[in-house]
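Report on one structure; see the data block that follows.
Residue numbers (our numbering): 231 to 683.
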């Protein structure tokens, strides 16, 4: 009876004239789910694929596109031009967020943005102030289109001479949009391994997904203030942490894979190795492209890549994971506890609410990965444990990197990944909000003490 009351609560408490009342996280979850279903239907249209698609294959591909993951049960080259256009549109909508597009449409029509719609967009972008929300939405879409156009033009310098004007421009546009939105979809079956030694491709693609993973609030702050001393604490934390994590990851992966003949060791020049090491270090930040064979990496490199995928990119960005700021806050809190001080960064204390939110996000992320891995070990016990763990973290972080077992998973295993990709995209905090029982009232309890450690 209690479970039935919880399930029917949105209907019972809806105002007169309204069928359903949803919270922002519930609306995000519902919106992404509907987009995935719509995308799967479009991919099953006649002429969208070169071979007949099963329903679960179409749904898996559409979900991977909408959640900008990149995991695939079939190569993108198996889709026709129509199917690839559908994928690209799903990636763009999923990357920027369906709330942003809806709000932008209302703004362009001259309508006033309703408070409920503002709440949805604010939840999606991670913005806490309503004041500059309309301006932020316009900036998000305009910035994305400009950066994608610039990336397309730069990539065309390489692919147009190689593939011709039509194929070269399409390949450039597809990879630019996929990279900026941290989707990881590529037109080539081997992703970008063929261009591992090409600085134009590796640097442009990595720059696109790094910029997309910074977060639109950070980009807006950089654009408006333009000086380090005037940046917000979040902007400073994201920039410094991004540089530090990327450089440390590049050094670690370079050392672990330098003599591996199946990855970096198989590249000829020092420059090629450094480029590949850089690319493999930054792509787990939910980008999903790879310039070396991911399945051939050592166990240590795979474990490090899983950590990077779990962390993800910046808040309010096209990236997912628990978010870089969450990871940094947890480190700062641990350091402050050990030192007996208050957690702070750049001369500013970290609010208690932020600390609690970071803990909740991290715990929800760990829980989701654990449940996904547990289910996969049951449904696909014939697969190696490391491969299943890698797949679970990749789905949660909506990264798209794989050790080559996605197509081999059973139908229940693939369905579990579909669910994980959706929940991973909506966000662990929204998932916790959706599952939690909301309580009202101002009751406060006396403090109790529990021994820790």
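For every residue, glycine included, the Cβ atom is placed at its ideal position computed from N, Cα and C.
At least 9 Å separates the beta-carbon of residue 430 from that of residue 504. Contact check between the region 597-608 and the region 479-496: fewer than three CB pairs, one atom from each, fall below 8 Å, which does not count as touching. Secondary structure of residue 574 (DSSP, three-state): strand. A straight-line Cα-Cα distance of about 47 Å links residue 513 and residue 676. Residue pairing by DSSP places residue 309 opposite 279 in a beta bridge.
Between residue 265 and residue 324, the CB-CB gap stays under 9 Å. In the DSSP assignment, residue 633 falls outside any alpha helix (DSSP H) and carries neither an H nor an E. Beta-bridge pairing by DSSP links residue 579 to 574. Residue state for residue 294 is assigned as helix, using DSSP reduced to three classes. When the beta-carbon positions are compared, residue 654 and residue 297 come within less than 9 Å of each other. Residue state for residue 418 is assigned as coil, using DSSP reduced to three classes. Under the 10 Å beta carbon count, residue 548 is surrounded by 16 or more other beta carbons and is classified as buried. The C-beta distance from residue 631 to residue 618 rounds to 14 Å, too long to fall under 8 Å, and the pair is not in contact. Looking at 319, 612, 438 and 294, the one whose alpha-carbon comes closest to that of residue 379 is 438.
For the pair residue 624 and residue 460, the Cα-to-Cα distance works out to about 36 Å.
Within the same chain, and ignoring the five residues on either side of residue 434 in sequence, the residues whose Cβ sits closer than 7 Å to its Cβ are 381, 384 and 385. Secondary structure note for residue 613: it is in no alpha helix (DSSP H), with a DSSP letter that is neither H nor E. About 7 Å separates the beta carbons of residue 554 and residue 472, which is inside the 8 Å limit, making them a contact pair. Cβ neighbours of residue 309 within its own chain (closer than 6 Å, five residues either side excluded): 279. With a cutoff of 9 Å on beta-carbon distance, residue 415 and residue 306 are scored as near each other. Contact check for residue 509 against residue 436 passes: the beta carbons are separated by less than 9 Å. Taking C-beta atoms under 8 Å as the contact rule, residue 602 and residue 620 fail to qualify, at a distance of about 11 Å.
Per the C-alpha coordinates, the member of 392, 646 and 536 positioned closest to residue 294 is 646.
Going by C-alpha positions, residue 611 is about 26 Å away from residue 516.
Nearest to residue 272 by alpha-carbon distance, out of 259, 260, 281 and 288, is 288. Between the C-alpha atoms of residue 392 and residue 408 there is a straight-line separation of about 20 Å.
Residue range 554-569 is occupied by the alpha helix (DSSP H) that includes residue 556. The straight-line gap separating the alpha-carbon atoms of residue 394 and residue 561 is approximately 49 Å. With distances taken between CA atoms, residue 511 lies nearest to 535 out of 535, 589 and 491.
Taking the Cα positions, residue 446 is about 36 Å away from residue 283. Here residue 465 is buried, its C-beta having at least 16 other C-beta atoms within 10 Å. Residue 652 and residue 574 have their alpha carbons spaced roughly 33 Å apart. For residue 453, the enclosing alpha helix (DSSP H) begins and ends at 446-455.
In the structure shown, residue 300 falls within a coil segment according to DSSP collapsed to helix, strand and coil. For residue 421 and residue 558, the gap between their C-alpha atoms comes out near 31 Å. By the criterion of a C-beta distance shorter than 8 Å, residue 502 is surrounded in its chain by 426 and 427, once the five residues flanking it on both sides are discounted.
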